[in-house]
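Residue numbers (this note's numbering), protein chains in the order written: chain W, 8 to 107; chain L, 8 to 107.
Where is the CB? At the ideal position from N, CA and C, for every residue including glycine.
Every value quoted in this text rests on a predicted model; they were computed, and no experiment measured them.
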DNA sequence: GGACTAATGCAACATATGTAGATTTAAGAG
DNA sequence: CTCTTAAATCTACATATGTTGCATTAGTCC
């Protein structure tokens, strides 16, 4: 059976950081430093949230050769809605269509 | 005044590894593991040798996104000549034109 | 409340390439 | 041989993105 957890502390921290500039594409490495989340927490979390439709991801070409192509992430409408709800102190998930 | 050093142990190790398959493009990371040289020794060494015309370098696109583009290195004729000379126990540098 | 177990988190590792700064080595001069 | 010092090396750090495998947390059923 599918278990749905309440958003974890780590997910709240991430949502808060990403909702500050909602439309900005953010890099995993920047989010690591800003949120203090470790790579082994952050990257799986971003991937889960992408699967859940809270985050959208995109590859950006590296500015200089030798550097890795960077994965850029941004909140979707659903992700932003969740972030707003959490910021307002409501731990529940907004119903479909809200903030669409 | 310009000081010319005898090839160092590290350079000898690298030349030996690279001359094994002379025409193969080798990646810095592979050479690190094969030679046991640390990145802080190997990369500056490869760059110096490239400047000296012993090695030629080329960028290869990454096979998968998220991985860095890889710098590939290969011995030039001069580099191979030097490697051969060292392998034969002669510490001196071959004269210009040899093995050209 | 307690057992079961899915979901999550985290330390360590792996991939790759490099730079900064302190130390070590060795060439050339005397 | 010793002094000077340029060249080379090495430790640590920085950039980036992930995976692995074990430990912890928490949802569900009884």
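Just list the residues that DSSP pairs residue i with in beta bridges.
i: residue 32 (chain L); result: BP columns for residue 32 (chain L) are empty, so no partner.
With a threshold of 7 Å (Cβ to nearest heavy atom), would residue i be considered close to the ligand ATP?
i: residue 79 (chain W); result: This structure does not include the ligand ATP; it has no bound ligands of any sort.
Compare the C-beta of residue i with all C-beta atoms of chain L and state if any pair is closer than 8 Å.
i: residue 74 (chain W); result: yes
i: residue 78 (chain W); result: yes
i: residue 51 (chain W); result: no
i: residue 69 (chain W); result: yes
Measure from the C-beta of residue i to each C-beta in chain W and report whether the shortest distance is under 8 Å.
i: residue 32 (chain L); result: no
Using DSSP with H/G/I as helix, E/B as strand and the rest coil, what is residue i?
i: residue 96 (chain W); result: coil
i: residue 104 (chain W); result: Because the pLDDT at residue 104 (chain W) is just 41, under 50, the model does not fix this residue reliably, and the point stays unresolved.
Ignoring anything shorter than 3 residues or poking outside the region 18 to 88 of chain L, list the beta strand (DSSP E) runs there in chain order.
Whole beta strand (DSSP E) segments, 3+ residues: 62 to 67, 77 to 82.
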